[in-house]
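Only one structure is covered here, and it is reproduced in the block below.
Number of protein chains: 2
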Amino acid sequence: MRSHGMRISAARRLVLEALYAADTPISAEQIADGLSGRLPRSDLASVYRNLETLEQLGLVRHCHLGHGPGLYKPTGAREREYLVCDSCHAVSAVAPAEMAAVRALIFERFGYEASFTHFPILGLCAHCARAET
Amino acid sequence: MRSHGMRISAARRLVLEALYAADTPISAEQIADGLSGRLPRSDLASVYRNLETLEQLGLVRHCHLGHGPGLYKPTGAREREYLVCDSCHAVSAVAPAEMAAVRALIFERFGYEASFTHFPILGLCAHCARAET
DNA sequence: ATACTTGCAAATGATTTGCCAGTGT
DNA sequence: ACACTGGCAAATCATTTGCAAGTAT
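Protein sequence lines, in the order shown, are assigned to chains L and D.
Sequential numbering from 1 applies to the first sequence in the working numbering.
Sequential numbering from 1 applies to the second sequence in the working numbering.
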């Protein structure tokens, strides 16, 4: 982080601590709220500014799993691809390896190097598909 | 439309005309602007209200192809699934049949009945992948 | 006649920007 | 010292809601 000419401040550290403390992607507001009291709160505008900076450095990414606010997560080993149910809105996070065959097929058919880390695959989950009929 | 107990008004007709006149999904604002003068303009709030009503009746759908506003399109025969390039933001619209194998593989692996009509498949298109190196 | 609709204004939610005081290096 | 940051307020963008006046049936 310092290696990018970036300074280390309390607010900055808190953003990263919140992201690493959470086990799912979280919103800027959750970070500013200190994860409901588990960490000190900080200013929402600064959180957004820091998230943007950290994202440009490649330390953070965000995704959109539905119609709510953007959700942020740290980059690195824990990378996940998402499936979200249209009906019950349940989120399934899978390791990229599990998605390899799907990505390969998309590449073969369309020439796209796809990833489902930003936008999820939307669809009916098995449970809701059964319930629909 | 009338069959759902819905009244036919000028504003309502304009929303549908705009959607059918466009050959790609368009934003509520483009509709309210009368497609840059090609149709009469109308009130943005009413456009949103009508889009919501029409969507509940299943006559209209919306999608999110990137970070801009939601984009609306009429339902029916012209249904398309989308791929969007992360780098150049080009949008490819493909007929559902072309995506059948991908959807089948996702179903087999994850039990999801996926569709890429609301959120697109994001990835690097062939051209940008080559350029990135 | 009556309930559904519109248009305008104001509210809301998410995110960004301006500015000046504070602080890391 | 100096440029980089934080906090607070205000601006912006997309969308929703309240309400009085207008209109389809």
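Backbone N, C-alpha and C define an ideal beta-carbon position, used for all residues, glycine too.
query	result
Is the Cβ of cysteine 88(D) closer than 8 Å to any Cβ of chain L?	no
What are the boundary residues of the alpha helix (DSSP H) that includes arginine 78(L)?	Note, arginine 78(L): premise wrong, no alpha helix (DSSP H); not H, not E.
Name the residue from Gly5(L), Pro120(L) and Ser9(L) whose alpha carbon lies nearest to the alpha carbon of leucine 65(D).	Pro120(L)
Please report the residue range of the alpha helix (DSSP H) in which glutamate 113(L) lies.	Run containing glutamate 113(L): none in the alpha helix (DSSP H); it sits in the beta strand (DSSP E), 113 to 115.
Is any beta-carbon of chain L found at less than 8 Å from that of cysteine 125(D)?	yes
Is it right to say threonine 133(D) is buried, meaning 16 or more other beta carbons lie within 10 angstroms of its own, or is it exposed?	exposed
Within 8 Å of any Cβ in chain L, is that where the Cβ of proline 120(D) sits?	yes
In angstroms with no decimal places, state the Cα-to-Cα distance between leucine 57(L) and arginine 13(L).	15 Å
Would you kindly check if the distance between the Cβ of alanine 32(L) and the Cβ of aspartate 23(L) is under 8 Å?	no
Curious, which full-length alpha helix (DSSP H) runs of at least 4 residues does the segment 4 to 70 of chain D contain?	10 to 21, 28 to 32, 34 to 37 and 44 to 56
For valine 102(D) and histidine 127(D), what's the separation of their Cα atoms in angstroms?	21 Å
Please check if any C-beta of chain L sits within less than 8 Å of the C-beta of tyrosine 112(D).	yes
Leaving aside the five residues before and after aspartate 161(L) along the sequence, list all residues of the same chain whose C-beta is less than 8 Å from its C-beta, in chain order.	This structure cannot speak to residue 161(L), because chain L is shown only from 1 to 133.
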